[in-house]
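Everything below concerns the one structure shown next.
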Amino acid sequence: MRLSELKLPEGSEIPGLDESTDQMIVSINAPKAVVEEEPILAEGEEGEEAESSEENADEDSSEESE
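Residue numbers 1 to 66, in our numbering, belong to the letters of the sequence shown in order.
Dropping the structure here:
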């Protein structure tokens, strides 16, 4: 939107407004979404992590019951 596009009350004007001084007063930009991709794990990596987590949990629970 530029100064020349403003709807002014009847009888009002912007002093010194011409093509060279017609400034932009509003700029609207759509937001940009950033999509982050999850890293692709090699086969077997996910399973190994899950197994080690389960083993640690089993050890913790056996220590607590003693």
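Just so it is clear, CB atoms sit at the ideal spot from N, CA and C, and this is done for glycine as well.
Note that the structure is a prediction, hence the values are computed from the model and not measured.
Residues in its own chain within less than 7 Å of residue 17 by CB, not counting five upstream and five downstream?
Looking up residue 17 in the sequence shown gives position 17. Only 3 and 4 meet the Cβ criterion.
Are the CB atoms of residue 1 and residue 25 nearer to each other than 8 Å?
Residue 1 sits at position 1 when you count from the first residue of the sequence shown. Residue 25 sits at position 25 when you count from the first residue of the sequence shown. Going by C-beta atoms, residue 1 is nearer than 8 Å to residue 25.
Beta-carbon within less than 6 Å of residue 23's beta-carbon, same chain only, minus the 5 sequence neighbours each way: which residues are those?
Looking up residue 23 in the sequence shown gives position 23. Excluding sequence neighbours, residue 23 sits near 3.
If we ignore side chains and look at the alpha-carbon of each, how far apart do residue 10 and residue 38 end up?
Within the sequence shown, residue 10 is the residue found at index 10, counting from 1. Within the sequence shown, residue 38 is the residue found at index 38, counting from 1. Computed Cα separation, rounded: 59 Å.
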